[in-house]
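K.L.:
Okay, so the sequence shown: first residue is 2 according to the numbering used here, each after it adds one. Here a beta-carbon is modelled for each residue, glycine too, at the ideal position from N, C-alpha and C. Since we're looking at a predicted model, the values are computed, not measured. Attaching a single structure in structure tokens format; questions to follow.
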Amino acid sequence: MQIRYDMVSCYVTRPTASGDGYEFLQLRRSKDDYMGGTWQPIYGTSEKDESAVVTVVRELREEAGLIPTELYRLDQVSVFYIASTDTMWLCIPFCAIVTREEQVILNEEHDAARWVPAADADRVFMWKDNRDAIRDIQGYILVDSPAKPHMRIPLP
């Protein structure tokens, strides 16, 4: 078995139109891509000698055409196994906050995008670690928690 630790995930959020809540971005994987047809947050792997922070900013730009106004680390690491490659993955999750004016521009890995109200996250995010990450984002990042300033990452 191989162990990989060069993957990041990015939970993208923005204020709702009314400004009284937040919504989260999901991208639908292209039909012929791995897990084609499923709605996911952004995932990507680091290039040679690339830090996790540089990776997540690059992947956000490449997969969705977005530039964050704020970036945060989460207080967890996603761990999952892919049987077809016999690989255990350790995936570092981040939260990117964008403005409502930012337009999603998809690359070839995805064929659709949607913004999901935070209240619907438990219903539409398929993996437990996705749902847990969104709960953590709501409890630590989208409010003025004592941890928030320590989770914020200066943008490169």
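Thinking just about the alpha-carbon of each residue, which of Asp130, Val58 and Gln77 is nearest to the one in isoleucine 98?
P.N.:
Along the sequence shown, read from residue 1 onward, the residue named residue 98 stands at position 97. The candidate whose alpha carbon is nearest that of isoleucine 98 is Val58.
K.L.:
May I ask you to list the residues that DSSP assigns as paired with tyrosine 178?
P.N.:
Because residue 178 is not part of the residues shown, which for the chain are 2 to 157, the question remains open.
K.L.:
Closest to glutamate 51 by C-alpha separation, out of Ser19, Trp90 and Val9, would be which residue?
P.N.:
One-based indexing of the sequence shown puts residue 51 at position 50. That would be Val9, whose Cα lies nearest to the Cα of glutamate 51.
K.L.:
If you run the structure through DSSP and keep just helix, strand and coil, what is aspartate 21?
P.N.:
The residue you call residue 21 lines up with position 20 of the sequence shown. Correct three-state label for aspartate 21: coil.
K.L.:
What residues are listed by DSSP as bridge partners for serine 186?
P.N.:
Examination of residue 186 is not possible in this model, given that the chain is present from 2 through 157 alone.
K.L.:
Work out the CA separation of leucine 67 and glutamate 103 for me, nearest whole Å.
P.N.:
As a first step, residue 103 must be located in the sequence shown, where it is residue number 102. As a first step, residue 67 must be located in the sequence shown, where it is residue number 66. Approximately 7 Å between the Cα atoms of the pair.
K.L.:
Grouping DSSP H, G and I as helix and E and B as strand, with all else coil, what is alanine 113?
P.N.:
Mapped onto the sequence shown, residue 113 falls at position 112. Looking at alanine 113 - three-state DSSP - the assignment turns out to be strand.
K.L.:
Does the separation of the CB atoms of tyrosine 12 and proline 94 fall below 8 Å?
P.N.:
The residue given as residue 12 occupies position 11 in the sequence shown. The residue given as residue 94 occupies position 93 in the sequence shown. Yes. Within cutoff.
K.L.:
Answer with buried or exposed for leucine 91, where buried requires no fewer than 16 other C-beta atoms within 10 angstroms of its C-beta.
P.N.:
Position 90 of the sequence shown holds residue 91. Exposed.
K.L.:
When DSSP labels each residue in this structure, what does glutamine 139 get in the three-state scheme?
P.N.:
As a position in the sequence shown, residue 139 is number 138, starting the count at 1. If DSSP states are grouped into helix, strand and coil, glutamine 139 belongs with the helices.
K.L.:
Alpha carbon to alpha carbon, how far is glutamate 109 from threonine 39?
P.N.:
Here residue 109 corresponds to residue number 108 of the sequence shown, with the count starting at 1. Here residue 39 corresponds to residue number 38 of the sequence shown, with the count starting at 1. Their Cα atoms are separated by approximately 15 Å.
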